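Asks:
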Amino acid sequence: QVQLVESGGGLVQAGGSLRLSCAASISITSINVMGWYRQAPGNQRELVATTGTGGLTNYADSVKGRFTISRDNIKNTVYLQMNSLKSEDTAVYYCKATKYGLASSWGQGTQVTVSS
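Numbering (my numbering), first residue to last: -18 to 97.
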């Protein structure tokens, strides 16, 4: 089981930026896919962005061009740079680690609130 700790959430005005961090307890080069998900009140958890060990990235249409996922293999940390934030980005953001053949691991979540 991978331990994941998210940080960087907070309150920001619409149009502003935040950078989320997800620190893993093991080398992220051994994790097939690292991803960010979010869940707003009353909604299901949804994918925001993912990054694989080969460097491939995937984004939800709603965040393309505004959010960037990146990874630091030395620090075993994955980041989510969020720019041009909108009120609809308000949610709890979760980090997820997937190793093929094993159960996925989730972080505890970090709250992002965008005020309009």
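Where is the CB? At the ideal position from N, CA and C, for every residue including glycine. Keep in mind the model is a prediction, meaning the values are calculated, not measured.
Name the DSSP beta bridge partners of Ala5, please?
Replies: Ala5 is bridged to Leu(-15).
Asks: By the DSSP assignment, the beta strand (DSSP E) with Lys72 in it spans what residues?
Replies: This sequence places Ala at residue 72; Lys is not what is there. Residues Ala72 to Thr79.
Asks: Which runs of the beta strand (DSSP E) at least 3 residues long sit entirely within the stretch 32 to 61? Give them in chain order.
Replies: Correct list: 38 to 40 and 48 to 53.
Asks: State the CB to CB distance for the pair Ala(-5) and Val93, rounded to an integer number of angstroms; the pair is presumed to be in contact (CB under 8 Å).
Replies: Ala(-5) to Val93, Cβ: 12 Å. No contact.
Asks: Report the rounded CA-to-CA distance for Ser86 versus Thr31, giving the unit in angstroms.
Replies: Going by the C-alpha atoms only, they are around 14 Å apart.
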